[in-house]
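**Q** Sequential numbering from 11 applies to the sequence shown in my numbering. The C-beta atom is built at its ideal place from N, Cα and C for all residues, glycine as well. Given the structure is predicted, the values throughout are model-derived calculations rather than measurements. Once you've had a glance at the structure underneath, I'll fire off some questions.
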Amino acid sequence: MAVRLYDSLTREVRELKPAHKDGVFRFYNCGPTVYAPAHIGNFRTFTVNDVLRRLLEREFGAAHVKHVRNITDVDDRTIAQAKKEGKPLAEITQFWTNKFHADCDALNCLKPTVEPTATGHILEQVDMIDVLMQKGNAYRSADGSVYFKITSFDGYGSLSRIKERELKITNSAFDADHKDDIGDFALWKAYKPEEDGLVKWSGPQGASEGRPGWHIECSAMIKKHLGETIDLHTGGVDLLFPHHENEIAQSQCCNGTAFALHWFHSEHLLAEGTTMSKSKGNYYTLDSLLAKGYSANAVRYVLLAGHPRKQLNFTLDSLHAADSALKTLREFRIKLSALVPEPSLDRGPSRFDAAINALCDDLNIPGALGKLFTEVNNPLPTDRGLLSADLKSFDEVLYLIGLKLDEVKVAIPTEISALAQNRWEAKASKNFALADSLRTDLTKAGWAMLDRKDGYSLEPLKQ
Ligand SMILES: [Zn+2]
């Protein structure tokens, strides 16, 4: 089934397909700004994009999906953090990049094909700014900064449908005195020793030393790693304006071609019914939730349990519910795999395919989870072929959503633990008759004891 997805630009659900002749699907996702730990709102976007990536790989083949996600390692916030800690910028950004990677691994997000950094692409950004100045889309201001002239691009505002009045208010924050028009935005920011410390590079032709504006970073990294026209550009809805609107303006004016053929934005995450803030006590990072005893797997489940285009309310209660949902899925998986010890390589249709279809239909992850649980609660088929197809399809849904059932902890009743321990000791002292009889007791109680060289584990046999 083709992957269909809402396009924020045309406001339609459209099929995703590679536009280039090489058949490679070019996918860009705006990455983190590395000055602090990413919060779970950021990870909603990254986990949603991870499901999308897995679906695209299923559709086009892993070798035909090029996924680029950048690291913003120079901007106002990274520089301010380095100054606050009295450390070099690169030390701060490397530290938080490492932390971001660790969190992504814990949340089972696939690594992007390429993960470029903004500071690794200064020359590419300067080149684009030079072209924009030559073409008359950008101008140098009195202080040596460079601004993009939004009136030079007719298509400005097409993604966000922003009205001119709102535009003036939103784009006005930076250095209003230096701009021709208050709606213009910075491509290059002239060096200010009191703010920037040692952070500066040679600028575009005629501009001062300084650093790039945030928006041009993505445009330059996209051009370098994916080319002038890409198949899909994604990010959180907070990036739609001005960031993505500005990326379109810069890239299309510089390259003279269409920029992104499809746009997708995931919605905001609320926590305990309101926006996250440290003062309200509802500001969650992955570490803060792990410290409360929740698993990263449950966090991922909750972040994906709402439709990506709707706001999602994250609560600690929903993590409890996720834990029990994951246990149900794990117990079902154990029961099913016990019936199909050797699933056939090819499979026919399965009742779990409806969940895959839901994912392909505008990334309906809650719909897919709903279909998964409906079928988990239905009686198992008796036909071996159907069972085998169910196992394969079930595993595929779990892989696409990115849930790892082997990490789900199953509560083991004390009497079962005691039986297992007695059996382990009986076996160790070579009292095999007792060991066998205790194993029978465990089986009757619905538990399988799996022996290893150095110990054992217990798995429930029934739901
Ligand atoms: Zn970006």
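Look at the alpha carbon of Gly456 and the alpha carbon of Ser347, and state the distance between them as a whole number of angstroms.
**A** Translated into the one-based positions of the sequence shown, residue 456 becomes position 446. Translated into the one-based positions of the sequence shown, residue 347 becomes position 337. Distance between the alpha carbons of Gly456 and Ser347 is about 15 Å.
**Q** May I ask which residues mark the beginning and end of the alpha helix (DSSP H) holding Phe342?
**A** Position 332 of the sequence shown, counted from the start, is the residue given in the question as residue 342. Looking at the DSSP string, the run of the alpha helix (DSSP H) that includes Phe342 is 326–349.
**Q** Note down, in chain order, each residue of its chain lying with its Cβ closer than 8 Å to the Cβ of Ala315, except the 5 sequence neighbours on either side.
**A** In the sequence shown, residue 315 corresponds to position 305, counting from 1. So the list reads Leu322, Ser328, Ala332, Ile375, Pro376, Leu379, once near-sequence residues are dropped.
**Q** May I ask you to check if the CB of Cys40 is nearer than 7 Å to at least one heavy atom of ligand 1?
**A** Here residue 40 refers to the residue found at position 30 of the sequence shown. Result yes, Cβ under 7 Å from ligand 1.
**Q** Measure the alpha-carbon distance for Gly213 versus Val136 and round it to whole angstroms.
**A** Counted from its first residue, the sequence shown places residue 213 at position 203. Counted from its first residue, the sequence shown places residue 136 at position 126. In a straight line, the C-alpha of Gly213 is about 6 Å away from that of Val136.
**Q** Quick test of the definition: if touching needs 3 or more C-beta pairs under 8 Å, does the segment 221–231 touch the segment 249–262?
**A** The segment 221–231 is in contact with the segment 249–262.
**Q** Check whether the Cβ atoms of Leu452 and Ile426 sit closer than 8 Å, and answer yes or no.
**A** Taking the sequence shown and counting its residues from 1, one reaches residue 452 at position 442. Taking the sequence shown and counting its residues from 1, one reaches residue 426 at position 416. Closer than 8 Å, so yes.
**Q** Distance, Cα to Cα, Lys93 vs Leu313?
**A** Here residue 93 corresponds to residue number 83 of the sequence shown, with the count starting at 1. Here residue 313 corresponds to residue number 303 of the sequence shown, with the count starting at 1. Distance between the alpha carbons of Lys93 and Leu313: 33 Å.
**Q** What would DSSP say about Met459, mapped onto helix, strand or coil?
**A** Here residue 459 refers to the residue found at position 449 when the sequence shown is read from its first residue. In this structure, Met459 counts as strand in the three-state DSSP scheme.
**Q** Does the segment 11–26 come close enough to the segment 42–59 that 3 or more CB-CB pairs lie under 8 Å?
**A** Verdict: no, contact absent.
**Q** Relative to the alpha-carbon of Thr239, which residue among Gln262, Pro203, Pro98, Pro470 has its alpha-carbon at the smallest distance?
**A** The residue given as residue 239 occupies position 229 in the sequence shown. Minimum Cα distance to Thr239 is reached at Gln262.
**Q** Could you tell me if the beta carbon of Leu249 falls within a distance shorter than 7 Å of some heavy atom in ligand 1?
**A** Here residue 249 is taken as the residue at index 239 of the sequence shown, counted from 1. Yes - ligand 1 has a heavy atom lying nearer than 7 Å to the Cβ of Leu249.
**Q** Cα-Cα, which of Asp83, Ala48, Ile132, Gly71 is closest to Leu117?
**A** Here residue 117 refers to the residue found at position 107 when the sequence shown is read from its first residue. Considering only alpha carbons, the answer is Ala48.
**Q** Tell me whether the beta-carbon of Ile81 lies closer than 8 Å to the beta-carbon of Thr127.
**A** Within the sequence shown, residue 81 is the residue found at index 71, counting from 1. Within the sequence shown, residue 127 is the residue found at index 117, counting from 1. A contact, by the Cβ cut-off of 8 Å.
**Q** Quick check: Ala281 and Asn265, are their CB atoms within less than 8 Å of each other?
**A** Your numbering for residue 281 matches position 271 in the sequence shown. Your numbering for residue 265 matches position 255 in the sequence shown. Not closer than 8 Å, so no.
**Q** Cα separation between Tyr311 and Gly283?
**A** Along the sequence shown, one-based indexing puts residue 311 at 301. Along the sequence shown, one-based indexing puts residue 283 at 273. Those two C-alpha atoms are separated by around 18 Å.
**Q** How is Gln473 classed by DSSP in three states: helix, strand or coil?
**A** Residue mapping note: residue 473 aligns to position 463 of the sequence shown, counting from 1. A caution first: Gln473 carries a pLDDT of 46, below 50, which makes its placement in the model too unreliable to give a value.
**Q** Give every residue of the same chain whose Cβ lies closer than 6 Å to the Cβ of His77, excluding the five residues on either side of it in the sequence, and list them in chain order.
**A** Locating residue 77 in the sequence shown gives position 67, counting from the first residue. Result list for His77: Phe37, Arg63, Pro122, Thr123, in chain order.
**Q** When every heavy atom of ligand 1 is checked, does at least one fall within less than 7 Å of the C-beta of Glu255?
**A** As a working note, residue 255 is residue 245 in the sequence shown. Checking the Cβ of Glu255 against ligand 1 gives no.
**Q** Rounding to the nearest angstrom, what Cα-Cα distance links Glu95 and Asp115 in this structure?
**A** The residue you call residue 95 lines up with position 85 of the sequence shown. The residue you call residue 115 lines up with position 105 of the sequence shown. Approximately 27 Å between the Cα atoms of the pair.
**Q** Does any heavy atom of ligand 3 sit closer than 7 Å to the C-beta of Gly245?
**A** This structure does not include ligand 3; its bound ligands are ligand 1.
**Q** Give the DSSP-derived three-state secondary structure of Ala200 in the structure shown.
**A** In the sequence shown, counting from the first residue as 1, residue 200 sits at position 190. Note: Ala200 maps to strand in three-state DSSP.
**Q** Under 7 Å: does the beta carbon of Cys228 sit that close to some heavy atom of ligand 1?
**A** Taking the first residue of the sequence shown as 1, we reach residue 228 at position 218. Cys228 Cβ: within cutoff of ligand 1.
**Q** Using a Cβ-Cβ cutoff of less than 7 Å, which residues in the same chain neighbour Leu300 once the five nearest sequence positions on both sides are dropped?
**A** Reading the sequence shown from its first residue, position 290 is the one you call residue 300. Here the set comprises Ala306.
**Q** For His278 and Gly130, what's the separation of their Cα atoms in angstroms?
**A** Stepping through the sequence shown from its first residue, residue 278 is reached at position 268. Stepping through the sequence shown from its first residue, residue 130 is reached at position 120. The straight-line gap from Cα to Cα measures roughly 30 Å.
**Q** Enumerate, from N- to C-terminal direction, the unbroken beta strand (DSSP E) stretches of 3 or more residues contained entirely within the segment 207–252.
**A** As far as the segment 207–252 is concerned, its whole beta strand (DSSP E) runs of at least 3 residues are 220–222, 242–246.
**Q** Could you work out which residue in Ser276, Gly237, Leu296 is closest to Ala270 when comparing CA atoms only?
**A** Indexing the sequence shown from 1 puts residue 270 at position 260. The shortest Cα separation from Ala270 among Ser276, Gly237, Leu296 belongs to Gly237.
**Q** Helix or strand or just coil, what does DSSP make of Leu373?
**A** Stepping through the sequence shown from its first residue, residue 373 is reached at position 363. In the structure shown, Leu373 sits in coil (DSSP, three-state: anything other than H, G, I, E or B).
**Q** So what's Lys10 in DSSP terms, helix, strand or just coil?
**A** Because the chain is modelled from 11 through 473, residue 10 falls outside the range shown and cannot be assessed.
**Q** Could I get the ranges of all uninterrupted alpha helix (DSSP H) runs contained in the segment 87–157, with 4 residues as the minimum, in chain order?
**A** Segments of the alpha helix (DSSP H) lying fully in the segment 87–157: 99–116, 132–144.
**Q** Look at the alpha carbon of Phe105 and the alpha carbon of Ala73, and state the distance between them as a whole number of angstroms.
**A** The residue you call residue 105 lines up with position 95 of the sequence shown. The residue you call residue 73 lines up with position 63 of the sequence shown. Distance between the alpha carbons of Phe105 and Ala73: 31 Å.
**Q** Quick one: Cα of Arg171 to Cα of Val23, how far?
**A** As a first step, residue 171 is located in the sequence shown; it is residue number 161 there, counting from the start. As a first step, residue 23 is located in the sequence shown; it is residue number 13 there, counting from the start. Spanning the two alpha carbons is a distance of roughly 18 Å.
**Q** Can you tell me the Cα-Cα spacing of Asp461 and Lys437, whole angstroms?
**A** Looking up residue 461 in the sequence shown gives position 451. Looking up residue 437 in the sequence shown gives position 427. Whole-angstrom Cα-Cα distance: 10 Å.
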